[in-house]
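Participant: Residue numbering for the sequence shown follows UniProt numbering, beginning at 435 and increasing consecutively.
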Amino acid sequence: RGKSEGRNVYRFFEPGMDAMVRERQVLETDLEAALPRREFELDFQPIMNIASGDIVGAEALMRWRSPARGLVAPDDFIPAAEETGLIVQLGDWALRKACTAAAGWPHAMRIAVNVSAVQLKSGTFTRSVISALAFSGVPADRLELEITETVLMDESDTVLKTLSQLRDLGIRIALDDFGTGYSSLGYLRRFPVDKIKIDRSFIRDMDNRDTAAIVRTVIGLGAQLGITVTAEGVETEAQLDMLREAGCVEAQGYLIGVPSKAADINRLLRSAAALRQSG
Ligand code: C2E
Ligand code: MG
Ligand code: MG
Ligand code: MG
Numbered sequence: 435r436g437k438s439e440g441r442n443v444y445r446f447f448e449p450g451m452d453a454m455v456r457e458r459q460v461l462e463t464d465l466e467a468a469l470p471r472r473e474f475e476l477d478f479q480p481i482m483n484i485a486s487g488d489i490v491g492a493e494a495l496m497r498w499r500s501p502a503r504g505l506v507a508p509d510d511f512i513p514a515a516e517e518t519g520l521i522v523q524l525g526d527w528a529l530r531k532a533c534t535a536a537a538g539w540p541h542a543m544r545i546a547v548n549v550s551a552v553q554l555k556s557g558t559f560t561r562s563v564i565s566a567l568a569f570s571g572v573p574a575d576r577l578e579l580e581i582t583e584t585v586l587m588d589e590s591d592t593v594l595k596t597l598s599q600l601r602d603l604g605i606r607i608a609l610d611d612f613g614t615g616y617s618s619l620g621y622l623r624r625f626p627v628d629k630i631k632i633d634r635s636f637i638r639d640m641d642n643r644d645t646a647a648i649v650r651t652v653i654g655l656g657a658q659l660g661i662t663v664t665a666e667g668v669e670t671e672a673q674l675d676m677l678r679e680a681g682c683v684e685a686q687g688y689l690i691g692v693p694s695k696a697a698d699i700n701r702l703l704r705s706a707a708a709l710r711q712s713g
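Put into structure tokens, the structure is as follows:
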């Protein structure tokens, strides 16, 4: 048994794996060079309060404009940046850039920034956050840090301690992609968060009766716990109507706005303000 299995495993690792490993190494080398070359960009996606229709915040989403590869999505380079540790520097850059953009927004607008577990474990993250806030002049309560459930899965004390420090500073913590982890409810007990972002896979399937029931339950859970609930990936009026009826607080998705350059978000905010003034 062992012999034939061994041969299969050997064959599996042989040429294919080699190419994959090499490709990953090239990606990691390219990524290291990309930061000093200023190849990274941030887009901003608006977040709407469903009851008022106001834009109450925006999420910063990273992109890599690589001369060799074209525009690379975060899912295709963040894991590599986490593996090499580059995410610590890259994350610091994103925080500073996002806060600087938000400094020019109306004061009620929040800025949401995604944070990886590697950053929270670095031991220098709280300092980076304080520095980004001071540099930009954005008050702590306008910054929201989005973590995924995998961050809370981490057993290390550093992560929970860092999160508490940040929360004590007045920074808000959002649980991203809620519902996709192994123990979504368990994590809510492990660390008190300010916001739940329902993963877009649930919103996409909301025309399914059972999925709709789950979404409504999470919205009710948020209300019971005093946690803001945001629906991710809202693409249709029908979805927004259902979320409104269920009492969901915020919505984010292509229906409200696609991720856009900072200048375009500023334009959107100015025209919204002008509309309010004239109306
Ligand atoms: P996320 O934080 O859950 O961000 C939401 C993702 O859903 C974004 O993908 C956004 O473009 C996409 N999206 C928003 N509305 C819709 C919609 O209506 N329909 C559909 N189909 N998609 C929608 P994106 O920009 O590709 O980012 C993917 C993930 O990469 C993010 O998921 C986040 O986990 C990670 N990421 C992005 N920027 C950063 C960053 O600066 N640092 C870290 N650590 N991770 C980041
Ligand atoms: Mg996010
Ligand atoms: Mg998400
Ligand atoms: Mg995601």
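For each residue, glycine too, the CB sits at the ideal point set by N, CA and C.
Because the structure is a prediction, the values reported are computed rather than measured.
How big is the Cα-Cα spacing for Val649 and Ile637?
Facilitator: Cα to Cα, Val649 sits roughly 8 Å from Ile637.
Participant: Extract the residue ranges of the beta strand (DSSP E) inside the region 523–582, only unbroken runs of 3 or more that lie entirely within it.
Facilitator: Taking only runs of at least 3 residues, the beta strand (DSSP E) segments lying wholly in the region 523–582 are 544–548, 577–582.
Participant: Considering Cα atoms alone, identify which of Glu671, Lys629, Lys595, Leu622 is closest to Asp641.
Facilitator: Nearest option by C-alpha distance: Glu671.
Participant: Answer yes or no: the CB of Glu666 versus the heavy atoms of ligand 3, is any distance below 7 Å?
Facilitator: True, at least one ligand heavy atom lies under 7 Å from that Cβ.
Participant: Assuming Gln479 contacts Gly691 under a Cβ cut-off of 8 Å, what Cβ separation, rounded to an integer in Å, is found between them?
Facilitator: That pair is a contact at about 6 Å.
Participant: Suppose the cutoff is 8 Å on Cβ atoms and the five residues either side in sequence are ignored; what does the same chain contact list for Leu461 look like?
Facilitator: The answer, listed in chain order, is Phe511, Ala514.
Participant: Which of the three DSSP states, helix, strand or coil, is assigned to Thr645?
Facilitator: Helix at Thr645.
Participant: From this set, Val552, Ser617, Leu476, which residue's C-alpha is nearest Ala546's C-alpha?
Facilitator: Measuring from the Cα of Ala546, the nearest candidate turns out to be Leu476.
Participant: Closer than 7 Å to a non-hydrogen atom of ligand 2 - does that hold for the CB of Asp610?
Facilitator: Checking the Cβ of Asp610 against ligand 2 gives yes.
Participant: Take Asn548 as the anchor and find which of Ser556, Val593, Glu493 has the nearest alpha-carbon.
Facilitator: Looking at the Cα atoms, Glu493 is the closest of the given residues.
Participant: Among Asn483, Asp464, Ile481, which one has its Cα closest to the Cα of Phe474?
Facilitator: Ranking Asn483, Asp464, Ile481 by Cα distance to Phe474 puts Asp464 first.
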